[in-house]
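Going down the list, the protein sequences come from chains U and V. With the first letter of the first sequence counted as 1, position 63 gets the number 63 in the UniProt record's numbering; the numbers rise by one all the way through. With the first letter of the second sequence counted as 1, position 4 gets the number 4 in the UniProt record's numbering; the numbers rise by one all the way through.
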Amino acid sequence: MSRKPKLYYFDGRGKMESIRWLLGAAGVEFEEEFLETREQYEKLLQGGSLLFQQVPMVEIDGMRMVQTRAILSYIAAKYNLYGKDLKERALIDMYVGGTDDLMGFILMFPFLSAEDKEKQRAFIVQKATSRYFPVYEKVLKDHGQDFLVGNNFSWADVHLLEAILMVEEKKSDVLSGFPQLQAFKARISSIPTIKKFLEPGSQRKPVPDDKYVETVRRVLRMYYDLKAN
Amino acid sequence: MSGKPRLTYLNGRGRMEPIRWLLAAAGVEFEEVYLETKEQYDKLIKDGFLLFEQVPLVEIDGMKMVQTRAILSYIAGKYNLYGKDLKERALIDMYVEGIADLMQMILMFPFSPPDAKEKNLDSIKERATNRYFPVFEKVLKQHGQDFLVGNKFSWADVQLMEAILAVEEKIPAVLSGFPKLQVFKTKMSNMPTIKKFLQPGSPRKPPPDAHYVETVLKVFKK
């Protein structure tokens, strides 16, 4: 009996979005249960399904997986998006580590005070254009291949596309100095599974809004503002 | 050229310590380069050693590896400390990621302002005793085996051992409600490679002190 993976999270991006992207890219259909109330969350806690009392949680292959990175690694390996050997995996892990750090700055954005948001927006763009994008631009330029690692579509490509689109939402012309990344973006976006994920009606979630922030705060009882970088 | 992995970081624990633990547990000798000045760090960046301008850096098998998790995963994979299949790897990954969240609190502690230190210490104690240690106590109790995953020594065991000792440095009696973890700690301490790493003169670094904090702030000054 093959059940679809089931994702437990808020109805919004947060830490689950990279998992949606990767399943989407792998062409894997999944179900979602959205946390809307504190009671739902406490029920999950009491039921013992959250190993460290946290979401994301993904039910997959008989496991209740938690910890975003663990879930992503499992999916990547299962669907052959993790390179062909240890060294390719090392490269993918390094690249994903970078885009994860970059997306981390954006993840906290909705939970900042209005004043800190402006500061953080500038910080995100500065880091993207001076630390992260140049790395991937160079990787693509140096080997001239379509994909970041091993001339094969991998988790690293999915994660980079997700990061590019997220930064563009903060500054639409952010790729203007990066011709390789522009071509990369067009290329990866046209892969059938990704193209489908980018279409309206897919399980991709929109930019976080006030309702999302309110829901997270209410469910997790997280009423303080995060600090900007 | 020795072929040993070469670690570049400050002369202290920070984000490099789990890597020292894992290499040592695997019985792998390594060399270290210590960053002491901003100039050294800036030069590393200028010379293209640091993919994202950050340390830890580990030169291993012809690669200049950065990103702590990537480095740890590579070492675990290479030295057979990553389980026997995808599902065991998933368990190990879940466990080490949880422990990393706890270790992050300890990592940040020396850099918190003096008036926040007591609160932060309480948070570490709360998280360790209510969120993290109960999980591993239960895992060990349920399967009754010596090691966390697959009845075999793995990265998860090394990471948990490091975390137990790090928390105990701050809260000496923290294991008092966790009999299985006490047994686990003793067993791990007696494993030859770990025993060696716990002896004076090993590459293990002491708890961060004022000088370490000062060096970090100096080297990474913007």
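Glycine included, C-beta positions come from ideal geometry on N, C-alpha and C. Quantities reported herein were computed from a predicted structural model and do not represent experimental measurements.
Inter-residue Cα distance where the pair is residue i and residue j
i	j	result
V139 of chain U	L148 of chain U	7 Å
S189 of chain V	Q182 of chain V	11 Å
G177 of chain U	E137 of chain U	10 Å
M94 of chain U	Q40 of chain U	36 Å
T37 of chain U	R131 of chain V	22 Å
Y95 of chain V	P206 of chain V	25 Å
K84 of chain V	K222 of chain V	44 Å
V149 of chain V	D93 of chain V	11 Å
K38 of chain V	K64 of chain V	20 Å
K119 of chain V	L81 of chain V	36 Å
I124 of chain U	K196 of chain V	44 Å
T129 of chain V	Q142 of chain V	18 Å
M57 of chain U	K117 of chain V	32 Å
P134 of chain V	V55 of chain U	18 Å
I124 of chain V	P200 of chain U	43 Å
P200 of chain V	P18 of chain V	18 Å
F30 of chain V	A163 of chain U	35 Å
A166 of chain V	L175 of chain V	12 Å
K227 of chain U	M108 of chain U	9 Å
I171 of chain V	I60 of chain U	37 Å
Y9 of chain U	L198 of chain V	41 Å
Test item: CB-CB of residue i and residue j under 7 Å
i	j	result
R13 of chain V	E59 of chain V	no
V158 of chain U	W21 of chain U	yes
R131 of chain U	F52 of chain V	yes
G83 of chain U	G144 of chain U	no
Y34 of chain V	V219 of chain V	no
G12 of chain U	P134 of chain U	no
I71 of chain U	I19 of chain U	yes
E17 of chain U	K205 of chain U	yes
F34 of chain U	L7 of chain U	no
P110 of chain V	V213 of chain V	yes
A156 of chain U	V96 of chain U	yes
G177 of chain V	L86 of chain U	no
T68 of chain U	K15 of chain U	yes
I106 of chain V	L160 of chain V	no
Own chain, CB closer than 8 Å to residue i, minus 5 neighbours either side, in chain order
i	result
I191 of chain U	A25, F153
L45 of chain U	Q53
D225 of chain U	F111, L112, S113, D116
Nearest residue (CA-CA) to residue i, options the options
i	options	result
K180 of chain V	V:R127, V:G144, V:G3, V:S123	V:G144
D157 of chain V	V:R131, V:R204, V:I194	V:I194
N11 of chain V	V:E137, V:A166, V:D209	V:D209
W21 of chain V	V:S176, V:Q40, V:I71	V:I71
V66 of chain V	U:I92, U:A183, U:E162, U:I60	U:I92
L161 of chain U	U:P200, U:G150, U:R187	U:R187
E32 of chain V	V:H211, V:S202, V:K218	V:S202
E169 of chain V	V:E36, V:G62, V:M63, V:L121	V:L121
residue 223 of chain V	V:P172, V:R204, V:V213, V:L217	Residue 223 of chain V is absent from the model: chain V starts at 1 and stops at 222.
T215 of chain U	U:T99, U:F111, U:G62, U:K6	U:F111
Y74 of chain V	U:E88, U:R69, U:I75, U:L81	U:E88
residue 246 of chain U	V:T68, V:E88, V:F109, V:Q104	Nothing can be reported for residue 246 of chain U, as the shown portion of chain U is limited to 1 through 229.
S202 of chain U	U:R3, U:E32, U:A122	U:E32
V174 of chain U	U:Y212, U:F197, U:T129	U:T129
S154 of chain V	V:Q104, V:D101, V:G62, V:L91	V:L91
Any chain U beta carbon closer than 7 Å to residue i
i	result
G77 of chain V	yes
G48 of chain V	no
residue 223 of chain V	Here chain V has residues from 1 to 222 only, and residue 223 of chain V is not among them.
E31 of chain V	no
M161 of chain V	no
Y74 of chain V	yes
L23 of chain V	no
E88 of chain V	no
A128 of chain V	no
E53 of chain V	yes
Q199 of chain V	no
E97 of chain V	yes
A116 of chain V	no
D93 of chain V	yes
Close Cβ partners of residue i (< 7 Å) along its chain, the five nearest in sequence each way excluded
i	result
M16 of chain V	L7, Y9, P56
Q54 of chain V	V66
G27 of chain U	T193
residue 230 of chain U	Since the first residue of chain U shown is 1 and the last is 229, residue 230 of chain U is not available in this structure.
G98 of chain U	Y132, V135
Cβ shell of residue i (< 6 Å), same chain only, five flanking positions each side left out
i	result
L51 of chain U	V66
I164 of chain V	K185
D101 of chain U	none
A76 of chain U	Y82, W155
Any chain V beta carbon closer than 7 Å to residue i
i	result
Y9 of chain U	no
M94 of chain U	yes
A90 of chain U	yes
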